[in-house]
Amino acid sequence: MLSLPESVCARASLTINTCNASRLSIRDRRCSLFFFFFFACSSSRSRGSATARAIHSMDSRIEAAAKAEDSPSPAVHVAGDWYSVPELRLRDHRFAVPLDYSLRGRSSGTISVFAREVVGVGKEEQRLPYLLYLQGGPGFESPRPTEASGWIKRACEEFRRGTGLSTPLTFSSLSQFTSSEKLADFIKHFRADNIVNDAEFIRVHLVPDAGPWSILGQSYGGFCAVTYLSFAPHGLKQVLITGGIPPVVNGCSADAVYKACFEQVLLQNDKYYKRYPQDVEVVREVVNYLAECEGGGVPLPSGGILTPTGLQVLGLSGLGFSNGFERVHYMFERVWDPVLVPGGKKSINHVALKFEHTMEFASTNPLYALLHESIYCQGAPSLWSAHRIRSEHGSMFDAIKAAKEGHPVLFTGEMIFPWMFDELLALRDFKDVAHLLAEKKDWPALYDINALNNNKVPVAAAVYYEDLYVNFKLSMETAAQIAGIRLWITNEFMHSGLRDSAGQVLDHLLGMLNGRKPLF
């Protein structure tokens, strides 16, 4: 299996496996499965009115890109030596890929995509099928294998698997751009369309005889998988999706996404407080404390400020993952520092709250914040969709008002808001970039509904009934557009089912495609 991480320059988030023993995992620049290193990049050029038509000519464009990069510096593909972790053998690969595929052979500068190949011990020289893993995000790296366990172990029984090593785009590397306009023009190349371009570039160079490979898309990786089905189905043998069927309507689907997500957020809040009713008062107390602090919040150790609105973002990871409720509850269990001296002031225990861990993307994965809503855009802007849809709920998500009136303070879900670029120190320098991307109208198409209606690639998908991040109803609407897709609908797992199930989810989907779980 091959897995590629997402980075500043790395676009796709892909993981590649080969089918008898996992071998490679790749992550494209726009997905969040792999990390990419950014080595050299000329000034990026605007895509202008470029649309999905650029992807329709995938074969010729990939060939042209390969020829354009066919020079000694940088080499198109460099493979390292094999090395080991318990029960696995690994090998690193680096690919020089075009920043902008639409230029068709004219150099736009290149980025370096890193991929790690993973196989079971003793299978290094076997001719195994590939499984490409597409990580969730956008903007997060693929998991690094430390041993043969969980779904990685299951994948390596059947495929060649890999994980990405590239470093994600960092705040320091992004700061090299001299203007917000130049940075926004660069970042626009890191969505699912170019993740697929990167995957195809690598498949042609890596797979024997440039044959098709299988892909596994988790969360946003599933979005990329549907883009792959839309524009490059010839490169696919079969597709597995876990918690990642996207809305495919034209325009920007972000409003529909967040309207549905807020409904699920309300349900998850209700379940949380029913499980931990004592936390209703604790959270209200914390909100009142923050609201009464000078400046409307308390300074965070890494800079920035924790406000009542910021506190609500704990729901991003706490409401939608397995054991998320427990983690949030135990944060609030120790939220206050002990008062050791009579008359000492009450203060928040930042270590216990672990707020900054919840907001880790703000210091490590800037693409997650900058492109979060843009992944839903096709020819239309997002215009800070989550912020607008939240306002439609009136004062329901007003933390200070709820605390003063004795109501439960509601947490929010997976949403990026404009205020984050004021309150979170690492994001402040990118405030103008975020606004430019939110207002951008000419986003290329990400899906081809006609191609999906006529799909011939075997597809199996796990759809989580109570998924906080990828809405069940919207997933079912899209599934109806993908010809031949087989669905496994379950409420046994949350969004993190692939990770939490110790291989059960992957095994179930493989069984749906290989005949062990026939149609009935």
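Heads up, the sequence shown is in our numbering, so the first residue is 1262 and it goes up one at a time. Yeah, the Cβ is synthetic: ideal placement off N, Cα and C, and Gly gets one too.
Three-state class that DSSP yields for residue i in the structure shown
| i | result |
| --- | --- |
| His1750 | For the record, residue 1750 in the displayed sequence is Ile; it is not His. Looking at Ile1750 - three-state DSSP - the assignment turns out to be strand. |
| Val1718 | coil |
| Leu1360 | coil |
| His1354 | strand |
| Phe1678 | coil |
| Thr1488 | helix |
| Ser1286 | Unreliable positioning characterises Ser1286 in this predicted model, as indicated by a pLDDT of 42, which lies under 50. The coordinate reading is nonetheless provided below. In this structure, Ser1286 counts as strand in the three-state DSSP scheme. |
| Phe1295 | Below a pLDDT of 50, predicted positions are generally treated as unreliable, and Phe1295, at 31, falls in that range; the measurement from the model is reported next regardless. In the structure shown, Phe1295 sits in coil (DSSP, three-state: anything other than H, G, I, E or B). |
| Glu1546 | helix |
| Ser1785 | As shown, the chain starts at 1262 and ends at 1781. That puts residue 1785 outside it, with no answer to give. |
| Lys1787 | Lying before the first or after the last residue shown, residue 1787 is absent from the chain, which here runs from 1262 to 1781. |
| Ile1277 | Since pLDDT at Ile1277 reaches only 34, below the 50 mark, its modelled position is unreliable, and the value read off the structure follows with that caveat. Of the three classes helix, strand and coil, the one that applies to Ile1277 here is strand, per DSSP. |
| Val1724 | strand |
| Ser1441 | helix |
| Ala1376 | strand |
| Glu1461 | helix |
| Gly1772 | helix |
| Tyr1537 | coil |
| Ala1630 | helix |
| Gln1529 | helix |
| Gly1381 | strand |
| Val1656 | Residue 1656 is actually Ser in this sequence, not Val. Three-state result, Ser1656: coil. |
| Val1339 | strand |
| Thr1371 | strand |
| Gly1512 | strand |
| Gly1478 | strand |
| Tyr1787 | An answer regarding residue 1787 cannot be provided, because it is not within the stretch 1262 to 1781 covered by the chain. |
| Thr1625 | helix |
| Gln1639 | strand |
| Leu1392 | strand |
| Thr1739 | helix |
Supposed close pair residue i, residue j - CB separation, criterion 8 angstroms
| i | j | result |
| --- | --- | --- |
| Gly1504 | His1756 | 5 angstroms |
| Val1544 | Asp1459 | So it is not a contact: roughly 43 angstroms between Cβ atoms. |
| Pro1390 | Leu1351 | Contact flag wrong, Cβ pair sits at about 18 angstroms. |
| Pro1399 | Tyr1489 | In fact, because the Cβ distance is near 15 angstroms, the residues do not count as touching under 8 angstroms. |
| Thr1570 | Trp1645 | Actually they do not touch by this definition, with Cβ atoms about 14 angstroms apart. |
| Val1487 | Tyr1708 | 6 angstroms |
| Leu1395 | Leu1477 | 7 angstroms |
| Leu1713 | Gln1742 | 5 angstroms |
| Glu1684 | Ile1566 | 5 angstroms |
| Gln1479 | Gly1397 | 5 angstroms |
Among the options, nearest to residue i - alpha-carbon criterion
| i | options | result |
| --- | --- | --- |
| Asn1775 | Pro1406, Trp1343 and Val1500 | Val1500 |
| Pro1599 | Asn1610, His1590 and Met1592 | Asn1610 |
| Asn1511 | Leu1685, Trp1645, Tyr1637 and Cys1485 | Tyr1637 |
| Lys1717 | Glu1675, Pro1562 and Leu1497 | Leu1497 |
| Glu1727 | Thr1371, Gln1525 and Ala1340 | Gln1525 |
| Ala1517 | Val1380, Glu1634 and Thr1751 | Glu1634 |
| Thr1568 | Phe1672, Leu1580 and Pro1627 | Phe1672 |
| His1654 | Lys1520, Thr1751, Ala1740 and Leu1698 | Lys1520 |
| Phe1492 | Asp1683, Leu1729 and Glu1461 | Glu1461 |
| Ala1471 | Phe1484, His1495 and His1590 | His1495 |
| Arg1651 | Leu1631, Lys1665 and Glu1675 | Glu1675 |
| Ala1641 | Met1737, Asn1455, Arg1536 and Ala1515 | Ala1515 |
| Gln1387 | Arg1377, Pro1469 and Pro1507 | Pro1469 |
| Ser1578 | Lys1443, Leu1729, Leu1698 and Arg1464 | Leu1729 |
| Glu1542 | Glu1555, Gly1565, Ala1664 and Leu1561 | Ala1664 |
| Gly1483 | Lys1384, Val1346 and Ala1740 | Ala1740 |
| Glu1385 | Phe1658, Leu1561 and Tyr1344 | Tyr1344 |
| Ala1376 | Tyr1362, Lys1443, Leu1360 and Ala1340 | Ala1340 |
| Val1382 | Ser1608, His1590 and Pro1347 | Pro1347 |
| Leu1360 | Phe1451, Asn1711 and Lys1443 | Phe1451 |
Pair within 7 angstroms by beta-carbon distance, residue i and residue j
| i | j | result |
| --- | --- | --- |
| Gln1529 | Ala1660 | no |
| Phe1678 | His1648 | yes |
| Val1559 | Val1670 | no |
| Arg1747 | Ala1721 | yes |
| Phe1593 | Asp1540 | yes |
| Phe1438 | Ala1687 | no |
| Leu1430 | Leu1628 | yes |
| Val1337 | Ala1357 | yes |
| Leu1698 | Pro1508 | no |
| Ile1372 | Leu1631 | no |
| Ile1750 | Val1766 | no |
| Asp1693 | Ser1441 | yes |
| Ser1643 | Asp1761 | no |
| Cys1485 | Ala1445 | no |
Closer than 6 angstroms: residue i CB and nearest the ligand HEM heavy atom
| i | result |
| --- | --- |
| Ser1514 | In terms of ligand content, the structure shown is empty, and the ligand HEM therefore cannot be addressed. |
* Asked: Quick one: complete alpha helix (DSSP H) runs, 4+ long, within the stretch 1553-1614?
  -> 1569-1572, 1576-1579, 1585-1594 and 1611-1614
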